[in-house]
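Colleague: Got a structure for you, written out below as structure tokens; questions coming shortly.
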Amino acid sequence: MLSKTVKISHVTNLSDARYCAGMGVEMLGFDIDEASIHYVTPKVFGELSAWIAGVKLVAETSSSDLTSILERIAEYPVDALEITDPALLQNLSSQTNLPLLLRVDADLYGPSDLELMVERYGDMVSHFLLISNEGSALNDEWMNTFTTLSKEHSLLVGFGLDHEYSVAALTELLPTIGIALRGSEEIRPGFKDFGSMMDILEALEED
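Just so you know, we're using UniProt numbering here: the sequence shown kicks off at 1 and counts up by one.
Structure, rendered in structure tokens:
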């Protein structure tokens, strides 16, 4: 079992799905945007989900088109939906029964922005997921914000986790905060280098 809530995004293959489920990861995310390089078709999603149990399946989208999202998730029997556009939260809350995760880009928004988002949308969001594609640092300002917000809201941190030490420090300082990681492609079918994801999950294993 893992000491924290963990979500793995961009799951595209059975190696990631089975390994992460076996490690006790709580959520696996599947990209439903056809234009994405991480796109998983409904058929592949069905094949992957048939092999795993005891894990929540999350549809991931960067779309701002409400109608398109509703049409897409009808093809994926998921347990939750992750979006990037907070303007959709009200309509999705009323038109689906799915818990909603809001993905926040730490390259575009700072700690004060996150505080405003949580204040405005906290009642409609099950988890706020923080990511960075540009290597944003997990600095003291972020840590202080996480300390305050995590007392009443569920956060998943997906940046600044570049080595086992940073994960251990985050675990010690913020025991209630969750971790967000990303899956990767197989070297070839059935062969996979889990790399840093394995290191982080093993660091989170409870004795």
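All C-beta atoms, glycine included, are put in the ideal place defined by N, C-alpha and C.
If you follow the alpha helix (DSSP H) that ILE73 is in, where does it begin and where does it stop?
Modeller: Looking at the DSSP string, the run of the alpha helix (DSSP H) that includes ILE73 is 66-73.
Colleague: Under a three-way DSSP split, which group does ILE31 fall into?
Modeller: Residue identity check: residue 31 is Asp in the sequence provided, not Ile. Looking at ASP31 - three-state DSSP - the assignment turns out to be strand.
Colleague: Please list the terminal residues of the continuous beta strand (DSSP E) segment that includes ALA80.
Modeller: Per DSSP, ALA80 belongs to the beta strand (DSSP E) from 80-83.
Colleague: The beta strand (DSSP E) that contains PHE128, what's its start and end?
Modeller: That run of the beta strand (DSSP E) goes 127-131.
Colleague: Whole angstroms is fine: what's the gap from GLU186's alpha carbon to ASP16's?
Modeller: A caution first: GLU186 carries a pLDDT of 40, below 50, which makes its placement in the model too unreliable to give a value.
Colleague: When you compare only the Cα positions, how much space is there between ASP14 and SER36?
Modeller: The sequence as given places Leu at residue 14; Asp does not occur at that position. Using only the alpha carbons, I get a separation of about 19 Å.
Colleague: Keeping to the same chain, check which residues put their C-beta closer than 6 Å to that of TRP142; ignore five residues upstream and five downstream.
Modeller: Result list for TRP142: PRO111, in chain order.
Colleague: Under the rule that 16 or more other beta-carbon atoms within 10 Å means buried, what is ARG120, buried or exposed?
Modeller: So ARG120 ends up on the exposed side.
Colleague: If contact is defined by three or more beta carbon pairs under 8 Å, each pair taking one atom from either stretch, is the stretch 85-94 in contact with the stretch 116-136?
Modeller: A contact exists between the stretch 116-136 and the stretch 85-94.
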